[in-house]
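Colleague: Residues are numbered in the numbering used here as their position in the first sequence, beginning at 1, plus a constant of 15. We put the CB at the ideal spot given by N, CA and C, even for glycine. Starting off with a structure, shown below.
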Amino acid sequence: MADLYNLDREQVLALEGWAEKSTDALFAALEASKNRPLARILAALGIRGVGTTVAELLVSHYPSIDALATASVEELQAIEGMGPVTAQRVVEWFQRPRHREIIAKLRHAGVRMEEAETRDREARDEQPLAGLTFVITGTLPTMSRNEAKALIEAHGGNVTGSVSAKTSYLLVGESPGSKLRKAESLGVLTIDEATLRQMLEGAGASV
DNA sequence: AGGCCTCGAGATCG
DNA sequence: CTCGAGGCCT
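Below is the structure:
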């Protein structure tokens, strides 16, 4: 049998249930996967303590895997939010030969290992949500939770996972979780997606 | 101490 | 997706 990871278009088309449409979709998805945000790659490496948030923090200071891989514990620890434990784990991860091989293989396969470009909106001062912290619960009408998170962050806001006294607004969708009750008990303001969009209007910003 | 993050578990849904 | 436990950071 052929190697699953090296099938070409012809070979896939020969498979039962794989005609033009699904085959094209497969290869398109494969191509697209090589162009993911660097933070996503980083978060997927399995470095203890490095999930999506810390990965983004790292990428904001080190725009390429190579730059990050050569950083020292001291340098990493200088980043606000990075303590000695996580800094050490990052450095140790990149020291392992088998991990370096993984990086090399990904790169060889065409996966982008640098951050494409820097953010835009920040420079234009369109940050109506600066200093505000949001929590999302339930299903929103026109966007996924991730899209909402990206939208909020793109306008300067923060999104966290649990409601606390520091939460500015709870963004509530359909069938909310227990966060709604907690927000009510803490007196945290609740808004819906439409209200969020109105908050964005102020700066003349759109998605 | 308090807040935030990661990550695994179990519910929910298309 | 939501929730909660465990752990890191300030």
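Cα separation between Q110 and L60?
Modeller: As a first step, residue 110 is located in the first sequence; it is residue number 95 there, counting from the start. As a first step, residue 60 is located in the first sequence; it is residue number 45 there, counting from the start. If I take the Cα positions, the gap works out to 14 angstroms.
Colleague: Quickly, what does DSSP pair T205 with across the bridge? List them, please.
Modeller: For this step, residue 205 is matched to residue 190 along the first sequence. BP columns for T205 point to L185.
Colleague: Which of helix, strand or coil does DSSP assign to V222?
Modeller: Indexing the first sequence from 1 puts residue 222 at position 207. With a pLDDT of 49 at V222, under the threshold of 50, the predicted position of this residue should be treated as unreliable, and no value is reported.
Colleague: To which residues does DSSP link T85 through a beta bridge?
Modeller: By 1-based counting over the first sequence, the position of residue 85 is 70. Answer is none; T85 lacks a bridge partner.
Colleague: What is the DSSP secondary structure of S37, counted as helix, strand or coil?
Modeller: Your numbering for residue 37 matches position 22 in the first sequence. Helix.
Colleague: Distance check for R196 and T182, CA to CA, integer angstroms please.
Modeller: Indexing the first sequence from 1 puts residue 182 at position 167. Indexing the first sequence from 1 puts residue 196 at position 181. One C-alpha to the other measures close to 14 angstroms.
Colleague: Quick check on the DSSP output: the beta strand (DSSP E) that includes L151 runs from which residue to which?
Modeller: Taking the first sequence and counting its residues from 1, the one referred to as residue 151 is at position 136. Per the sequence shown, the amino acid found at residue 151 is Ile instead of Leu. Run containing I151: 148-152, per the beta strand (DSSP E) assignment.
Colleague: Strictly by DSSP, which residues pair up with S75?
Modeller: Looking up residue 75 in the first sequence gives position 60. The partner list for S75 (beta bridge, DSSP) is empty, contrary to what the question assumes.
Colleague: Three Cβ pairs or more, each shorter than 8 angstroms: is that satisfied between the stretch 43-62 and the stretch 113-125?
Modeller: With a cut-off of 8 angstroms, the stretch 113-125 and the stretch 43-62 count as touching, because enough Cβ pairs lie within range.
Colleague: I need the DSSP call for E168, collapsed to helix, strand or coil.
Modeller: Residue 168 sits at position 153 when you count from the first residue of the first sequence. Three-state DSSP puts E168 in a helix.
Colleague: Looking only at C-alpha atoms, which of A131, A43, A70 sits nearest to M97?
Modeller: Position 82 of the first sequence, counting from 1, holds the residue named residue 97. Ranking the options by Cα distance to M97, first place goes to A70.
Colleague: Give the secondary structure of E130 by DSSP, where H, G and I count as helix, E and B as strand, and everything else as coil.
Modeller: Within the first sequence, numbered from 1, the residue matching residue 130 stands at position 115. If DSSP states are grouped into helix, strand and coil, E130 belongs with coil.
Colleague: Express the C-alpha separation of G176 and A86 in angstroms, rounding to a whole number.
Modeller: Translated into the one-based positions of the first sequence, residue 86 becomes position 71. Translated into the one-based positions of the first sequence, residue 176 becomes position 161. Answer to the nearest angstrom: the Cα atoms are 29 angstroms apart.
Colleague: Around the C-beta of Y20, are 16 or more other C-beta atoms found within 10 angstroms, so that it is buried, or is it exposed?
Modeller: The sequence position of residue 20 within the first sequence is 5, counting from 1. When all chains shown are included, Y20 counts as exposed.
Colleague: Roughly how far, in whole angstroms, is the beta-carbon of L144 from the beta-carbon of H114, given that I think they are within contact range, below 8 angstroms?
Modeller: In the first sequence, the residue the question calls residue 144 occupies position 129. In the first sequence, the residue the question calls residue 114 occupies position 99. That pair is no contact at about 37 angstroms.
Colleague: Looking at the unbroken alpha helix (DSSP H) that takes in V178, where does it start and where does it end?
Modeller: Translated into positions along the first sequence, residue 178 becomes position 163. That residue, V178, is in no alpha helix (DSSP H); it is neither H nor E in DSSP.
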